[in-house]
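Everything below concerns the one structure shown next.
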Amino acid sequence: MSHERFSLLGVVFLFALLLAACGRAATPAPTQAQAAPAAAASATPADRSPTPGSRAAETETLPDYEIITLLPRDAIPAIFEPEFLSAAEGDAEYGDHEQVLGIEIDGDTRAYSIPFLSSHEIVNDVVGGTPVAVTW
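Our numbering numbers the first residue of the sequence shown as 11 and each following residue consecutively.
This is how it looks when you write it as structure tokens:
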């Protein structure tokens, strides 16, 4: 009988321990002295957030084995000297649903198919006499 009682006490103890571990800890509400002070009417330059990138030297660097890439460097070919369709040819080739990136410089207008751009890193082009790099 004492062996059964000892086993029952062990099970009850383990169950109580499990409940205590899974329960939420009660966090007391902060007192008036612990509450955060009210924000000042005007922030001084020291109170402002740092400029993005100003803490770049403080960021953690990851070892190369922790950075996973799907494609090797320069695996997606860039386009140099792209060829274009006329507006009439484009209407016949593509439907109304085709998404494009458009650019117009000095009356020279171009449209780059987004699905096509998805398979290339960059299109190097000259639009209106201005060199441009189109990326997606």
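Each residue gets a CB set at the ideal place from its N, CA and C atoms; glycine is no exception.
Item, Value
"Please classify valine 136 as buried or exposed, where buried requires at least 16 other C-beta atoms within 10 Å of its C-beta.", "exposed"
"Do you know whose CA, among Gly112, Val142, His130, lies nearest serine 97's CA?", "The sequence shown places alanine at residue 97, not serine. Checking every option, the nearest Cα to that of alanine 97 belongs to Gly112."
"To which residues does DSSP link aspartate 135 through a beta bridge?", "Val142"
"So isoleucine 132 packs on threonine 145, CB below 8 Å; how close in whole Å?", "5 Å"
"Please report the distance separating the alpha-carbon of proline 87 from that of histidine 130.", "5 Å"
"Out of Glu93, Tyr122, Pro73, which one is the CA nearest neighbour of glutamine 109?", "Tyr122"
"Find out if the Cβ-Cβ distance for the pair glycine 138, aspartate 106 is shorter than 8 Å.", "no"
"Answer yes or no: do phenylalanine 94 and arginine 120 have a C-beta to C-beta separation smaller than 8 Å?", "yes"
"Thinking C-alpha only, which one of Val142, Leu127, Gly100 is nearest glutamate 114?", "Val142"
"Can you grab the Cα-Cα spacing for the pair asparagine 134 / leucine 127, in whole Å?", "12 Å"
"So what's aspartate 118 in DSSP terms, helix, strand or just coil?", "strand"
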